[in-house]
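Asker:
2 protein chains.
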Amino acid sequence: MLLKKTIWMNSHEGFLCLSLVGLICDILKNLILYFKKSDHYCMSNKSVTIHELANLAGVSIASVSRALNGKPGISDTLRARILSLSEEINYQPNVMARQLISGKTPVVALCMPPSPYEFSDRPYFVHLYQALTLYLHRKGLVPVLFAYENIDQVFSQASSAILLGATEDDRPEIFDRQKFPYVTLETGVGASVVIDEANGVYKLTHYLFKKGRKNMLFLGENIDISTSQGRLRGYRKAINELGLQEHFNNVSRQISSSLSAYRQMMKLFQSSEPFPYDAIICANDELAVGVIQAAEDAGYKVPEDLSVTGFDDLPRFSNKITTIHQDIPKIAEAAVSLLSEQLDGFPPRVIEVMTRLVSRESA
Amino acid sequence: MLLKKTIWMNSHEGFLCLSLVGLICDILKNLILYFKKSDHYCMSNKSVTIHELANLAGVSIASVSRALNGKPGISDTLRARILSLSEEINYQPNVMARQLISGKTPVVALCMPPSPYEFSDRPYFVHLYQALTLYLHRKGLVPVLFAYENIDQVFSQASSAILLGATEDDRPEIFDRQKFPYVTLETGVGASVVIDEANGVYKLTHYLFKKGRKNMLFLGENIDISTSQGRLRGYRKAINELGLQEHFNNVSRQISSSLSAYRQMMKLFQSSEPFPYDAIICANDELAVGVIQAAEDAGYKVPEDLSVTGFDDLPRFSNKITTIHQDIPKIAEAAVSLLSEQLDGFPPRVIEVMTRLVSRESA
DNA sequence: AAGGTTTACGTTAACGTTAAAAGCATGAGT
DNA sequence: ACTCATGCTTTTAACGTTAACGTAAACCTT
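Heads up: the protein sequence lines correspond to chains A and B, in order. For the first sequence, position 176 matches number 176 in the numbering used here, and the numbering has no gaps at all. For the second sequence, position 199 matches number 199 in the numbering used here, and the numbering has no gaps at all.
#1: Extract the residue ranges of the alpha helix (DSSP H) inside the stretch 55-95 of chain B, only unbroken runs of 4 or more that lie entirely within it.
#2: Would you please verify whether the beta carbon of threonine 309 of chain A is less than 8 Å from any beta carbon of chain B?
#3: Cutting at 8 Å between CB atoms, please list the residues of its own chain near threonine 133 of chain B, excluding the five before and the five after it.
#4: Between the C-alpha atoms of alanine 288 of chain B and glutamine 270 of chain B, what's the straight-line distance to the nearest angstrom?
#5: Whose C-beta lies closer than 6 Å to the C-beta of proline 329 of chain A among residues of the same chain, with five residues either side of it excluded?
#6: Does the beta carbon of asparagine 150 of chain B come closer than 8 Å to any beta carbon on chain A?
#7: Helix, strand or coil: how does DSSP classify cysteine 42 of chain B here?
#8: List the residues that DSSP assigns as beta-bridge partners of leucine 141 of chain B.
#9: Could you tell me which uninterrupted beta strand (DSSP E) segments, each at least 3 residues in length, are contained entirely in the stretch 186-221 of chain A, listed from first to last along the chain?
#10: Would you say histidine 137 of chain B reaches chain A, if we count a Cβ-Cβ gap shorter than 8 Å as a contact?
#11: Near leucine 338 of chain A, what residues of its chain come up, given a Cβ to Cβ distance below 8 Å and the 5 sequence neighbours on each side ignored?
#12: Is it buried or exposed, valine 302 of chain A, if we count other Cβ atoms within 10 angstroms and call 16 or more buried?
#13: Check each residue of the stretch 80-106 of chain B: if its Cβ is closer than 8 Å to any Cβ of chain A, include it; give the result in chain order.
#14: I'd like to check one pair, leucine 100 of chain B with lysine 203 of chain B: are the Cβ atoms closer than 8 Å?
#15: For isoleucine 50 of chain B, which three-state DSSP category applies?
#16: In chain order, what residues of the same chain lie with their CB nearer than 7 Å to the CB of lysine 267 of chain B, ignoring the 5 residues before and after it?
#17: So, under 8 Å CB-CB, isoleucine 280 of chain B and leucine 306 of chain B are touching, yes? Tell me the CB distance rounded to an integer number of Å.
#18: Thinking C-beta only, is cysteine 111 of chain A closer than 8 Å to tyrosine 135 of chain A?
#19: Assign aspartate 312 of chain A to one of three DSSP states: helix, strand, or coil.
#20: What does the alpha-carbon distance come out to for the pair valine 291 of chain B and isoleucine 255 of chain A?
#21: Here's the rule: buried if 16 or more other CB atoms are within 10 angstroms of the residue's CB, otherwise exposed. What is leucine 109 of chain B?
#22: Taking isoleucine 89 of chain A as the reference, which of A:Asp327, A:Phe209 and A:Asn55 has the closest Cα?
#23: In whole angstroms, what separates the C-alpha of arginine 263 of chain B from that of glycine 310 of chain A?
#24: Measure the Cβ-Cβ separation of glycine 234 of chain A and alanine 198 of chain A and say whether it is below 8 Å.
#25: Where do the N-terminal and C-terminal ends of the alpha helix (DSSP H) with isoleucine 324 of chain A fall, by residue?
#26: Could you check if isoleucine 195 of chain B is buried or exposed, using at least 16 other CB atoms within 10 Å of its CB as the buried criterion?
#27: Are the C-beta atoms of valine 144 of chain A and some chain B residue less than 8 Å apart?
#28: Suppose the cutoff is 6 Å on Cβ atoms and the five residues either side in sequence are ignored; what does the same chain contact list for glutamate 246 of chain B look like?
#29: Listed in chain order, which residues of the stretch 287-320 of chain A have Cβ atoms closer than 8 Å to some Cβ of chain B?
#30: Any C-beta of chain B sitting closer than 8 Å to the C-beta of methionine 265 of chain A?
#31: Would you kindly work out how many angstroms separate the C-alpha atoms of glutamine 342 of chain A and leucine 217 of chain A, rounded to a whole number?
#32: Could you tell me which chain B residues have their CB closer than 7 Å to the CB of isoleucine 351 of chain A, listed as they occur along the chain?
#33: Who are the neighbours of glutamine 270 of chain B on chain A, taking C-beta pairs under 7 Å?
#34: Indicate the three-state DSSP secondary structure (helix, strand or coil) for serine 271 of chain B in the structure shown.
#35: Using the C-alpha atoms, what's the distance from valine 308 of chain B back to phenylalanine 209 of chain B?
#36: Is there at least one Cβ from chain B nearer than 8 Å to threonine 184 of chain A's Cβ?
Now the structure itself:
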């Protein structure tokens, strides 16, 4: 039943009415969207199926399947014909059907730490995401993001998981109990990728010694962070070997790493004349940036008067810094290998990824 | 045929042999892994199926399906019985079968920009990832990471896409041609979420004026970045309305935002006595951190002598800064709504997310 | 040359789910 | 008593793919 009625109104009322109609439309749309909540998906491009391809080629679907999957039991000529035809009509095998029949899922869960606080201001992690995404796709795997809040969904949706930002004692026992394959970074427990950070700084310290540096200061931040600790350890080992005096300084990363480093250095430059150090080994590139700027502003020449080194070699900071390069693609590759190994039944193990000294202008 | 032979060797040879065996084992393992490359997936936990559940309940699979999906045509008692039994045996419906039968995929592609350069050092994006992940999961959608390098795979694997870090002129025409639903951020073209940044700074400027500030400096960075431009626009509008003098200063973000801001402010503090400004409006929180630190070091009191404001309200920086809060969960929600609307046939539109002034200690 | 083995293909049954169709009681209307 | 509708349940047919199985023909073996 339709309401049919003419309403007279003046222009003011008309405007009111129009905006009212707009409002009602909005409400209705939201209502529709609200109730269609289980139907948010889209038709997957209903592409050409294996049946149509088989029809066009005049063969059975089995032959097509064999041709496409490189399975034996088909003549080379037919295989070639099917493959070229498949190219021609741009056939894309249905991912869901494949998964259903095989009972396998290519989904790898990428689990983000509960609070992105620590996470978000380490650009290193974003680069790692990028590298993992590229590498997983190349392997035919699908990287799906998970927040720790819905970690229980990981089991039913993924085949394995990469835990970013997990700590040694904060690993999910659920995964262990269910024998669910997963990899952590920098924990060294279970299947884990660790970076030989200590060794990197160790090599770096020796490198500086060879360049004639004798009074090296290690500048770290928030020493409770495990990575900073490893880097300090490498410095200490080298310093002890070389019979030099150990100098350690720690700034807070509460605010901004480079600013903290800058102010700390400025204080040192002003308080102690002559300046007692000939090299500053920074726990990361951001600190190094601050140190170099401070040296410049205080009238010291880098690297002539003072060598400055960083760690990470992230593109934003380190175009001129002598630093330790982290091979992020290799780290991603190692993580995926560890998953594969576990899926193939091998026991979890630790892969150590090597770092590389990159000599640039600052040291 | 087994080789059976006793070999005598001395301990040195024995050690050599053992490490050789280890080496060979390693090579073999790598070979296995290499050739099994197409089989990286895992058996999806072969959980209980709808059939077993139906058997246990003594009913048909159709009734179970109806009960689980809240469809009508089933008695309340049976529905309750099936649901409780399903809980009991922890039945998880098979995602792949569901997708296959429905022809729909819940996959939403999250596309990362080609170079994470600009991307990685904006913590804001990481928070957005987190928010998007949470919200998509709540909606039953699956966030899958894609690099721009394999953007062509998006079509066959996802139902829609969220493009992070896309610019106005750098949007993929492929998506438009294929009528593939997608959302961009901050471009304002097609389906897009924009933040009323200009308005945020506009309100902030008025707020400072009400507090008695008359000489306000806007401190931006790399003005070519679109966000900085919008923020500057808001400042200009308010300043003109208030009949005040416009003051604009731009620092390079090449190095570190807060350090650049710190040095710039120090220069200003030292060069001009008395200091001409009573408020610094920073384009983001990082800059504000540097400004506040500089003021403190130069002996100025914040906010008594100098008001300092930021933008973004990211947890790391802004615990004490008066700033403009970006409602990241709301931005995520808006993006997903825009996708849903397009999937439901509505035309793409722009949603503007409002910002909010958060008054804290610095102004 | 008779038998077995390999090769190349076709047929068909899964995989777990949903939805349409069909069955089947029960009750009401004629 | 017969039809018809109704509410609940089962049966069955899809969805697109893979793999096990069948069936010929061709290719060896003795």
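Ideal Cβ placement from N, Cα and C applies to all residues, glycine included. Remember, predicted model here, so these are calculated numbers, not experimental data.
Answerer: Short version:
#1: 61-69 and 76-88
#2: By one-based count along the first sequence, residue 309 of chain A stands at place 309. Chain B contact via Cβ: absent.
#3: Taking the second sequence and counting its residues from 1, the one referred to as residue 133 of chain B is at position 133. Cβ neighbours of threonine 133 of chain B beyond the five flanking positions: Pro143.
#4: For this step, residue 288 of chain B is matched to residue 288 along the second sequence. For this step, residue 270 of chain B is matched to residue 270 along the second sequence. Whole-angstrom Cα-Cα distance: 19 Å.
#5: Residue 329 of chain A sits at position 329 when you count from the first residue of the first sequence. For proline 329 of chain A, where only same-chain residues beyond five positions count, the Cβ hits under 6 Å are Ala131.
#6: As a position in the second sequence, residue 150 of chain B is number 150, starting the count at 1. At least one chain A Cβ lies under 8 Å of asparagine 150 of chain B.
#7: For the purposes of this step, residue 42 of chain B is taken as the residue at position 42 of the second sequence. Below a pLDDT of 50, predicted positions are generally treated as unreliable, and cysteine 42 of chain B, at 46, falls in that range; no measurement from the model is reported.
#8: Locating residue 141 of chain B in the second sequence gives position 141, counting from the first residue. Its beta-bridge partners do not exist; DSSP assigns none.
#9: 192-195 and 216-221
#10: Position 137 of the second sequence holds residue 137 of chain B. Chain A, which has a Cβ nearer than 8 Å to the Cβ of histidine 137 of chain B, makes this yes.
#11: If you number the first sequence from 1, residue 338 of chain A lands on position 338. The answer, listed in chain order, is Val183, Ala191, Ser192, Val193, Pro348, Arg349 and Ile351.
#12: For the purposes of this step, residue 302 of chain A is taken as residue 302 along the first sequence, with counting starting at 1. Buried: at least 16 other Cβ atoms inside 10 Å.
#13: Gln92, Asn94, Val95, Met96, Ala97, Gln99, Leu100, Ser102, Gly103, Lys104, Thr105 and Pro106
#14: Indexing the second sequence from 1 puts residue 203 of chain B at position 203. Indexing the second sequence from 1 puts residue 100 of chain B at position 100. For lysine 203 of chain B and leucine 100 of chain B, no; Cβs fall outside 8 Å.
#15: Within the second sequence, numbered from 1, the residue matching residue 50 of chain B stands at position 50. Residue state, collapsed to three classes: helix.
#16: On the second sequence, position 267 is the one that residue 267 of chain B refers to. For lysine 267 of chain B, where only same-chain residues beyond five positions count, there are no Cβ hits under 7 Å.
#17: Sequence index remark: in the second sequence, residue 280 of chain B carries index 280 (1-based). Sequence index remark: in the second sequence, residue 306 of chain B carries index 306 (1-based). Isoleucine 280 of chain B to leucine 306 of chain B, Cβ: 7 Å. Contact.
#18: Stepping through the first sequence from its first residue, residue 135 of chain A is reached at position 135. Stepping through the first sequence from its first residue, residue 111 of chain A is reached at position 111. No, the Cβ-Cβ distance between tyrosine 135 of chain A and cysteine 111 of chain A is not below 8 Å.
#19: Along the first sequence, one-based indexing puts residue 312 of chain A at 312. Three-state result, aspartate 312 of chain A: strand.
#20: Within the second sequence, residue 291 of chain B is the residue found at index 291, counting from 1. Within the first sequence, residue 255 of chain A is the residue found at index 255, counting from 1. Approximately 12 Å, taken between the alpha carbons.
#21: As a working note, residue 109 of chain B is residue 109 in the second sequence. Reading off the sequence, residue 109 of chain B comes out as alanine, not leucine. Flag for alanine 109 of chain B reads buried.
#22: The count along the first sequence starts at 1 and reaches residue 89 of chain A at position 89. Of the listed residues, the one whose Cα sits closest to isoleucine 89 of chain A is A:Asn55.
#23: Position 263 of the second sequence, counted from the start, is the residue given in the question as residue 263 of chain B. Position 310 of the first sequence, counted from the start, is the residue given in the question as residue 310 of chain A. C-alpha separation (whole angstroms): 21 Å.
#24: Position 234 of the first sequence holds residue 234 of chain A. Position 198 of the first sequence holds residue 198 of chain A. Yes, these two residues count as a Cβ contact at 8 Å.
#25: For this step, residue 324 of chain A is matched to residue 324 along the first sequence. Segment 323-325 is the beta strand (DSSP E) holding isoleucine 324 of chain A; no alpha helix (DSSP H) there.
#26: In the second sequence, residue 195 of chain B corresponds to position 195, counting from 1. Its Cβ being crowded by 16 or more others within 10 Å, isoleucine 195 of chain B is buried.
#27: The residue you call residue 144 of chain A lines up with position 144 of the first sequence. Taking Cβ atoms only, chain B reaches closer than 8 Å to valine 144 of chain A, which makes this a yes.
#28: Your numbering for residue 246 of chain B matches position 246 in the second sequence. Ile239.
#29: Val289, Gly290, Gln293, Asp297, Leu314, Pro315, Arg316 and Phe317
#30: Translated into positions along the first sequence, residue 265 of chain A becomes position 265. With 8 Å as the cut-off, methionine 265 of chain A does not count as an interface residue toward chain B.
#31: What you label residue 342 of chain A is simply residue 342 of the first sequence in a count that begins at 1. What you label residue 217 of chain A is simply residue 217 of the first sequence in a count that begins at 1. Glutamine 342 of chain A and leucine 217 of chain A: Cα-Cα distance of roughly 42 Å.
#32: Translated into positions along the first sequence, residue 351 of chain A becomes position 351. The contacting residues do not exist; isoleucine 351 of chain A stays about 13 Å from chain B at best.
#33: On the second sequence, residue 270 of chain B is found 270 positions in, with the first residue counted as 1. The premise fails here: glutamine 270 of chain B is roughly 12 Å from chain A at the closest Cβ pair, so nothing lies under 7 Å.
#34: The residue labelled residue 271 of chain B in the question sits at position 271 within the second sequence. Here serine 271 of chain B sits in helix by DSSP.
#35: Here residue 209 of chain B refers to the residue found at position 209 of the second sequence. Here residue 308 of chain B refers to the residue found at position 308 of the second sequence. Those two C-alpha atoms are separated by around 13 Å.
#36: Taking the first sequence and counting its residues from 1, one reaches residue 184 of chain A at position 184. Not one chain B Cβ lies under 8 Å of threonine 184 of chain A.
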